[in-house]
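Notes follow the structure.
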Amino acid sequence: MAENNQATIDRAKVEEVLEKIRPALRFDGGDVELVDIGEDGTVYVRLMGACSGCAMSLMTLKGGIEQRLKQEIPEVKEVVAVNLDQSMF
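Counting in our numbering, the sequence shown runs from 150 upward without gaps.
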């Protein structure tokens, strides 16, 4: 029988980490919402408020949110914003 090596990421743990990040986002008029967690370790979020259209959103996503999630939950492979048009960067 084949063993499934895919780790399941706990949604509550992701929410807990996002809760730690929210004060910094809200300080700048933004927020983040957990949308989904893929079986491949991808966490899908929605950037809201000022974060959704800010030129710094990609840096916030990759340098802030993704880095913190990977640090606290090693199973997280990537964080993708479902509403971020990466072609604008």
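Positions of the beta carbon are idealized from the N, C-alpha and C atoms, including for glycine.
Residue i in three-state terms, based on DSSP
i	result
GLU221	helix
GLY213	helix
ILE158	coil
VAL231	coil
MET208	helix
PHE238	Low confidence applies to PHE238: its pLDDT is 44, below 50, so where it sits in the model is not reliable enough to give any reading.
Between the CA atoms of residue j and residue i - distance to the nearest angstrom
i	j	result
LEU174	GLU168	10 Å
PHE176	ASP185	25 Å
Residue burial classification, residue i (beta-carbon count within 10 angstroms, cutoff 16)
i	result
GLY212	exposed
Cutoff 6 Å; reference residue i; Cβ partners in own chain excluding five residues on either side
i	result
ASP180	LEU174, MET197, GLY198
Contacting residues, own chain, Cβ-Cβ under 8 Å from residue i (five flanking each side not counted)
i	result
VAL194	LEU167, VAL181, GLU182, LEU183, VAL184, LEU210, ILE214, VAL228, VAL229, ALA230, VAL231
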